[in-house]
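Notes follow the structure.
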Amino acid sequence: MTNWHPGERPPDDVSGLPLPSLPAFPAMRGYAQLHATIRKLGFRHAADALRAPAPAHASGQSTQALFGTLPKAETDDGFRILDGLWFPARGGLWQRADLAYVQKCRAQWIASAYPRALDVAAVVDILETVVRDDPMGLRRIVLWELCCRLSDGTAERKPGAARTPPAAAHAVALGVHRGEAGPLVDAVAAVRFPAAGDARHAAETLNNIWPGTRLREAERLAQLIAPAPTDHVLAALLDTLRARSAAVRQLIDTAEELKSKGDLRGAAGAWLGALRQARDDVDAQAGLLRVAALLADAPSAASESEVTASVGERTVRLSWHAPSHHDRDTGTGAGTGTDTGTGTGTNPVSYRVLRYPDDAPELAVEVSADDTALARADLDPPTGRPLRYAVFPMRRGRIAGVPRVTAQVLLTPDVSELRAEAVPDGVRLRWRPEPSALEVSVVRRAEGESGPGQRVFCEHDRLLDTPLAVGLYVYEVRCAYPGPGGRLVRSPGRTVTARVERWPSPVEELSVRRLDDGRVRVAWRPPARGDAHLVPWFAHHVPPGADVSEHVGRLTPPDGPPPTSVDVLPPPRERLRMTAVSVLGDRAVSGPNVVVEHQGEVRDLEVRRVAADRAELRFEWPEPAVLTLISWEDGERGGERRVARSQHVSGRPVALQVSPAECRFTVTALPRPDAVAIGAPSARAVLPAAPPPVPPTPAPWWRTWWRRWRTKQTPAPSHSA
Numbered sequence: 054m055t056n057w058h059p060g061e062r063p064p065d066d067v068s069g070l071p072l073p074s075l076p077a078f079p080a081m082r083g084y085a086q087l088h089a090t091i092r093k094l095g096f097r098h099a100a101d102a103l104r105a106p107a108p109a110h111a112s113g114q115s116t117q118a119l120f121g122t123l124p125k126a127e128t129d130d131g132f133r134i135l136d137g138l139w140f141p142a143r144g145g146l147w148q149r150a151d152l153a154y155v156q157k158c159r160a161q162w163i164a165s166a167y168p169r170a171l172d173v174a175a176v177v178d179i180l181e182t183v184v185r186d187d188p189m190g191l192r193r194i195v196l197w198e199l200c201c202r203l204s205d206g207t208a209e210r211k212p213g214a215a216r217t218p219p220a221a222a223h224a225v226a227l228g229v230h231r232g233e234a235g236p237l238v239d240a241v242a243a244v245r246f247p248a249a250g251d252a253r254h255a256a257e258t259l260n261n262i263w264p265g266t267r268l269r270e271a272e273r274l275a276q277l278i279a280p281a282p283t284d285h286v287l288a289a290l291l292d293t294l295r296a297r298s299a300a301v302r303q304l305i306d307t308a309e310e311l312k313s314k315g316d317l318r319g320a321a322g323a324w325l326g327a328l329r330q331a332r333d334d335v336d337a338q339a340g341l342l343r344v345a346a347l348l349a350d351a352p353s354a355a356s357e358s359e360v361t362a363s364v365g366e367r368t369v370r371l372s373w374h375a376p377s378h379h380d381r382d383t384g385t386g387a388g389t390g391t392d393t394g395t396g397t398g399t400n401p402v403s404y405r406v407l408r409y410p411d412d413a414p415e416l417a418v419e420v421s422a423d424d425t426a427l428a429r430a431d432l433d434p435p436t437g438r439p440l441r442y443a444v445f446p447m448r449r450g451r452i453a454g455v456p457r458v459t460a461q462v463l464l465t466p467d468v469s470e471l472r473a474e475a476v477p478d479g480v481r482l483r484w485r486p487e488p489s490a491l492e493v494s495v496v497r498r499a500e501g502e503s504g505p506g507q508r509v510f511c512e513h514d515r516l517l518d519t520p521l522a523v524g525l526y527v528y529e530v531r532c533a534y535p536g537p538g539g540r541l542v543r544s545p546g547r548t549v550t551a552r553v554e555r556w557p558s559p560v561e562e563l564s565v566r567r568l569d570d571g572r573v574r575v576a577w578r579p580p581a582r583g584d585a586h587l588v589p590w591f592a593h594h595v596p597p598g599a600d601v602s603e604h605v606g607r608l609t610p611p612d613g614p615p616p617t618s619v620d621v622l623p624p625p626r627e628r629l630r631m632t633a634v635s636v637l638g639d640r641a642v643s644g645p646n647v648v649v650e651h652q653g654e655v656r657d658l659e660v661r662r663v664a665a666d667r668a669e670l671r672f673e674w675p676e677p678a679v680l681t682l683i684s685w686e687d688g689e690r691g692g693e694r695r696v697a698r699s700q701h702v703s704g705r706p707v708a709l710q711v712s713p714a715e716c717r718f719t720v721t722a723l724p725r726p727d728a729v730a731i732g733a734p735s736a737r738a739v740l741p742a743a744p745p746p747v748p749p750t751p752a753p754w755w756r757t758w759w760r761r762w763r764t765k766q767t768p769a770p771s772h773s774a
């Protein structure tokens with residue numbers, strides 16, 4: 054019979070012994086942060102941090118009674134992990150990583166000259182708390198790290214190398230004693246240890262959530278962890294999770310039953326109990342908010358527990374009173390349960406504010422986190438939908454009572470920057486609508502008029518209301534928002550008063566006639582209201598009927614009756630736009646306009662033949678023309694070409710295909726289609742005929758003799774039989 058000491062395994066595991074049990078999760082709160090710190094320090098796992106450097110002068114220590122009771126270390130290095138975490142000690146002994154060992158390791162790190170010794174000591178300090186809570190906690194953490202590394206195949210694999218199944222050599226490379234490397238690798242391969250992904254992340258973060266109040270998140274993570282019947286720690290944790298879930302379900306059933314019987318306060322207490330144990334349960338929170346809203350709307354609701362909501366332009370401001378003794382007695386405000394108070398003392402009451410649609414409390418969102426102030430402001434509430442605000446009293450991060458709920462709040466902001474300006478025969482309104490508004494409506498009333506008024510068609514951000522009689526008008530602009538049931542909810546409305554003034558009538562038509570002396574006479578009929586002027590218009594083009602009152606000061610009133618015609622003669626090579634303007638007092642309205650061009654002459658025309666059938670022209674462009682017409686003819690044939698100003702480059706020729714005969718060229722400036730042109734003479738030039746072709750040079754006298762001699766010297770080809 055063979056005797057084995059603690060921490061020692063048989064030479065091999067091929068004898069049919071069961072494989073070691075592996076942990077299903079690290080069972081440590083904050084494991085992810087701890088593992089990241091260990092890797093940042095350059096360690097492979099937590100066991101590396103527990104192997105402190107030896108002191109500079111180590112004094113011999115007696116093994117005392119332990120000698121002969123602990124297994125002796127073999128010649129190779131490494132730690133044992135399958136039956137607890139054991140490290141090789143002096144004298145060929147094994148030392149278990151218990152509380153005394155971890156404390157000694159921490160002291161050795163602090164006393165060492167390692168540059169980051171304090172950082173490592175902080176990690177060992179965390180591991181000390183693990184040992185205090187669970188003597189096998191270190192073994193679980195190190196074993197979990199080893200399993201993750203072995204399943205990922207990263208123990209010895211170089212970057213870019215193919216992934217291979219873990220082998221005993223991989224475990225040895227991670228520091229595991231070679232006597233336990235084989236069974237460990239076999240166990241990892243047998244249980245199909247979870248790969249990096251959601252399942253592993255759930256296992257490493259479950260203890261961050263549970264035990265706690267986030268019951269539903271803990272349940273979600275637990276479902277991702279593979280079943281592990283041999284992990285008693287996981288089994289105990291899941292048992293507490295199931296027990297809490299059953300208790301919450303019972304409280305929810307009780308709350309629904311009490312609500313159906315009309316006991317709103319009892320239902321609120323049951324919902325509160327369920328939410329305290331499952332703070333992330335959306336259904337429990339929604340049920341509590343529904344009952345709290347019914348309590349707030351009840352006629353018997355205490356005024357001290359009321360939350361006042363003041364609706365501003367685009368904000369909602371909330372205010373309330375601190376919980377009183379009456380609240381604690383009746384179970385409202387911060388008064389349901391045992392941990393209530395007025396908000397004074399060492400544990401003051403803070404408040405958490407939620408906002409939710411009145412018909413959908415499951416969509417509640419947090420407006421502000423815990424704060425002891427008795428007022429809040431929601432700076433970005435949704436518009437057009439009935440809302441409620443719930444104020445949760447909190448104490449030490451725990452819900453301290455049934456929330457206080459406001460009455461319905463409906464935010465429907467009006468348009469901003471509303472302004473009105475007078476336009477000919479009417480009014481123009483402009484405003485900035487709310488981005489969430491579906492439509493904008495405008496109602497017009499005459500000043501002093503009672504009644505609903507007349508709705509006026511408008512665009513989303515402006516209105517042009519013409520024609521209107523002279524007088525004062527009041528416009529009411531309202532925004533419409535999507536409301537419950539598909540109906541529109543309108544804003545209170547914003548009003549503006551506008552005055553419609555008496556405007557001049559625009560000139561209806563201008564008639565143009567060329568005179569014999571080259572001038573152009575522009576005539577018009579007098580407008581029905583106001584005086585007409587024909588003025589040069591150098592500003593931007595304006596359509597007829599536009600307000601040009603800003604230019605009234607530039608007009609010089611005529612001596613005597615207003616004229617009905619004007620003779621126009623622009624300077625050569627210039628264009629002039631004449632616009633009819635009607636003036637009445639300080640108001641002016643534009644009318645039709647006419648463009649008069651005085652065409653310039655084509656100067657410096659030059660024609661040059663560059664080939665028998667090709668010619669080039671050069672000339673100075675005749676301003677203000679936009680087109681020129683180049684034509685040519687030789688008595689039998691001819692052609693023409695239009696050249697735009699954008700195609701003509703000063704100093705560069707215009708190429709044309711012509712005939713070899715003598716050609717006569719004419720270049721004419723073309724007026725704009727919408728302009729009345731005062732013509733200018735065309736430019737002409739003659740292109741001489743192309744010279745006749747040069748006759749061929751006669752061949753030398755000896756070339757014929759030479760050709761005959763070569764013919765005689767060339768033998769005839771022979772024909773073979």
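Residues in the sequence shown are numbered from 54 upward in steps of one, following our numbering.
Heads up, the beta-carbon is just placed ideally off N, CA and C, and yes, glycines get one too.
In this text, all values refer to a predicted model and were calculated from it rather than measured experimentally.
Per-residue DSSP class, three states only, for R760: helix
Cβ-Cβ distance between V711 and A668 below 7 Å: yes
R449, DSSP secondary structure in three states: coil
Cβ-based neighbour list, W758, same chain, cut-off 6 Å, excluding 5 preceding and 5 following: none
Option in A175, L259 and A221 with minimal Cα separation from R82: L259
Backbone secondary structure at Q766 - three-state DSSP: helix
Reduced DSSP category for Q156 - H, G, I as helix; E, B as strand; rest coil: helix
Buried or exposed by the 16-neighbour rule on C-beta atoms within 10 Å, applied to W147: buried
Given 8 Å, three or more beta-carbon pairs between the segment 434-445 and the segment 409-423: yes
Residues bridged to C716 [DSSP beta-bridge criterion]: L740
Inter-residue CB distance, T548 and Y534 (contact presumed, cutoff 8 Å): About 19 Å separates the two Cβ atoms, so there is no contact after all.
Sequence-distant residues of its chain with Cβ nearer than 8 Å to V447 (five each side left out): What sits at residue 447 in the sequence shown is Met, not Val. Here the set comprises V402, S403, Y404, R405, D423 and A453.
Delimiting residues of the beta strand (DSSP E) encompassing D284: First-last for D284: undefined, no H or E at that position.
Helix, strand or coil at T397 according to DSSP, with G and I counted as helix: Summary for T397: the model assigns pLDDT 47, below 50, so the residue's position carries little reliability, and this model does not support an answer.
Residue(s) in a DSSP beta bridge with Y442: R408
Per DSSP, cross-strand counterpart(s) of L637: R640
Entirely enclosed alpha helix (DSSP H) segments - the segment 243-275, minimum 4 residues: 251-262
Whole-angstrom distance between P247 and W263, CA atom to CA atom: 21 Å
Exposure of K765, with buried meaning 16 or more beta-carbon neighbours within 10 Å: exposed
CA-to-CA distance, A354 to A323, given in whole angstroms: 19 Å
Sheet register partners of W754 (DSSP bridge): DSSP lists no partner for W754.
Rounded separation between L348 and A321 - CA only: 9 Å
Bridge-paired residues (DSSP) for L709: A668
Status (buried if at least 16 other CB within 10 Å, exposed otherwise) for Q303: exposed
Contiguous beta strand (DSSP E) assignments of at least 3 residues, all confined to the segment 473-504: 479-485 and 492-499
Proximity of G688 and S635 at Cβ, strictly below 7 Å: no
Sequence-distant residues of its chain with Cβ nearer than 6 Å to C158 (five each side left out): L103, A105 and V177
Distance CB(V493)-CB(H513) smaller than 7 Å: yes
Close Cβ partners of T52 (< 8 Å) along its chain, the five nearest in sequence each way excluded: The chain is shown only over 54 to 774; residue 52 falls outside these bounds and no answer can be derived.
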